[in-house]
Amino acid sequence: MSQRPSSIPRPLVRTNQWVIVASVAATWITGFYWVLLLPLLSGLSGLLFHYNPVMQLAKHFLRKPASFYVPEDRDQQKFNQTIAVSCLIVGFFSYLIHWTVLAIVFTAIVGLAAFIAILGFCIGCFIHFQWSQYRQRRKAKIES
Numbered sequence: 001m002s003q004r005p006s007s008i009p010r011p012l013v014r015t016n017q018w019v020i021v022a023s024v025a026a027t028w029i030t031g032f033y034w035v036l037l038l039p040l041l042s043g044l045s046g047l048l049f050h051y052n053p054v055m056q057l058a059k060h061f062l063r064k065p066a067s068f069y070v071p072e073d074r075d076q077q078k079f080n081q082t083i084a085v086s087c088l089i090v091g092f093f094s095y096l097i098h099w100t101v102l103a104i105v106f107t108a109i110v111g112l113a114a115f116i117a118i119l120g121f122c123i124g125c126f127i128h129f130q131w132s133q134y135r136q137r138r139k140a141k142i143e144s
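So the sequence shown is numbered by UniProt numbering: it starts at 1 and just counts up by one.
Following this line, the structure appears as structure tokens:
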């Protein structure tokens, strides 16, 4: 049985982040909130079925074998994708029910987080690290 690699090549992660940023920008510019379905459904598919169509498409454009690229931790990316999909769900359904302020807030959160990650600082990674530290401190306190 084939195991999934424990990492994802950075260009695939960056492509996914750019799709999120572009979809949020396109939604804000055009008002066509259904554009959010592209990163939302791709991300959801990645989480549920381990198949992200955006990353699979981008994989065809890699010039070198995947192992030649900077690796991104699969579990960390799954955590980040969970946050992104959650924000996209809230944003999309907020647009559907005409709660525009909430829709803008949640699409701004996910769009900015993806753009900041592209620039080099992963907010999701920071949250994941802090959460892990909290759980360790809580576990140590319970054991003592």
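Ideal Cβ placement from N, Cα and C applies to all residues, glycine included.
Checklist entry - Just the Cα atoms here: how many angstroms apart are Ala22 and Pro65? => result Walking along the sequence shown from the start, residue 22 turns up at place 22. Walking along the sequence shown from the start, residue 65 turns up at place 65. In this model, Ala22 and Pro65 are separated by some 27 angstroms (Cα to Cα).
Checklist entry - Using DSSP with H/G/I as helix, E/B as strand and the rest coil, what is Ser6? => result Your numbering for residue 6 matches position 6 in the sequence shown. Ser6 falls in the coil class under three-state DSSP.
Checklist entry - Excluding the five sequence neighbours on either side, which residues of its own chain have a C-beta within less than 7 angstroms of the C-beta of Lys59, listed in chain order? => result Indexing the sequence shown from 1 puts residue 59 at position 59. Result list for Lys59: Leu12, in chain order.
Item to check | Pro53 in three-state terms, based on DSSP | outcome: Residue numbering aside, residue 53 sits at position 53 when the sequence shown is read from its first letter. Pro53 falls in the helix class under three-state DSSP.
Next on the checklist: Which complete alpha helix (DSSP H) runs does the UniProt domain "DUF4395" (8-132) hold, if anything under 4 residues is left out?
Outcome noted: The qualifying runs are 10-30, 37-49, 53-59, 74-96 and 100-119.
Checklist entry - Given that a residue counts as buried once 16 or more other Cβ atoms are within 10 Å of its Cβ, and exposed if not, what is Glu143? => result Mapped onto the sequence shown, residue 143 falls at position 143. Taking every protein chain shown into account, the CB of Glu143 has fewer than 16 other CB atoms within 10 angstroms, so this residue is exposed.
Next on the checklist: Buried or exposed for Gly120, going by 16 or more other Cβ atoms inside 10 Å?
Outcome noted: Mapped onto the sequence shown, residue 120 falls at position 120. So Gly120 ends up on the exposed side.
Next on the checklist: Using a Cβ-Cβ cutoff of less than 7 angstroms, which residues in the same chain neighbour Phe79 once the five nearest sequence positions on both sides are dropped?
Outcome noted: In the sequence shown, counting from the first residue as 1, residue 79 sits at position 79. These residues qualify, in order along the chain: Gly124 and His128.
Checklist entry - Roughly how many angstroms lie between the CA atoms of Tyr69 and Ile8, to the nearest whole one? => result As a working mapping, residue 69 is identified with position 69 in the sequence shown. As a working mapping, residue 8 is identified with position 8 in the sequence shown. Approximately 9 angstroms between the Cα atoms of the pair.
Checklist entry - When the Cα of Pro53 is compared with those of Trp99, Thr82, Phe106 and Val19, which residue comes out closest? => result By one-based count along the sequence shown, residue 53 stands at place 53. The residue with the shortest Cα to Cα distance from Pro53 is Val19.
Next on the checklist: With distance defined between alpha-carbon atoms, name the residue in Val90, Tyr134 and Gln136 nearest to Leu40.
Outcome noted: Translated into the one-based positions of the sequence shown, residue 40 becomes position 40. Among Val90, Tyr134 and Gln136, the Cα nearest to that of Leu40 belongs to Val90.
Checklist entry - Excluding sequence positions up to five away, which residues of its chain have a Cβ less than 7 angstroms from the Cβ of Asn16? => result To locate residue 16, count along the sequence shown from 1; it is residue 16. The answer, listed in chain order, is Asn52, Val54 and Met55.
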